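What follows is one structure encoded as structure tokens, with my remarks underneath.
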């Protein structure tokens with residue numbers, strides 16, 4: 001599973017950050033970025049195994065986004081959310 005943030009859709013509502021502050025934060029442009037377990041920050045595709053958080057919590061954070069800017073794909077690249 002892979003997670004990414006569509007920066008064009010992100011409005012910086014920070015609902016993802018409210019639910020998972022250990023995984024998401026807002027960058028200097030006010031857009032959400034993903035923080036992996038090594039502390040690296042990106043909005044690009046991030047392998048779920050590098051995050052170390054329960055998949056259901058990631059999905060809940062994605063569902064909380066008012067613009068559906070958090071994209072979740074399976075290992076084959078097929079979009080599973082939104």
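In the numbering used here, the protein residues as written are 1 to 82.
Every residue, glycine too, gets a C-beta built ideally from N, C-alpha and C.
In this text, all values refer to a predicted model and were calculated from it rather than measured experimentally.
Discussion item. Considering only their Cβ atoms, is the gap separating residue 11 from residue 72 smaller than 8 angstroms?
Written reply: Remark: C-beta atoms of residue 72 and residue 11 do not approach each other more closely than 8 angstroms.
Worksheet item: Distance, Cα to Cα, residue 20 vs residue 31?
Response: If I take the Cα positions, the gap works out to 15 angstroms.
Worksheet item: So what's residue 72 in DSSP terms, helix, strand or just coil?
Response: Three-state result, residue 72: strand.
Worksheet item: Smallest Cα separation from residue 75: which of 46, 9, 65, 56?
Response: Checked all of 46, 9, 65, 56; the closest Cα to residue 75 is 46.
Worksheet entry | Helix, strand or coil at residue 4 according to DSSP, with G and I counted as helix | Of the three classes helix, strand and coil, the one that applies to residue 4 here is strand, per DSSP.
Worksheet item: Quick one: Cα of residue 77 to Cα of residue 1, how far?
Response: Between residue 77 and residue 1, the C-alpha separation is close to 8 angstroms.
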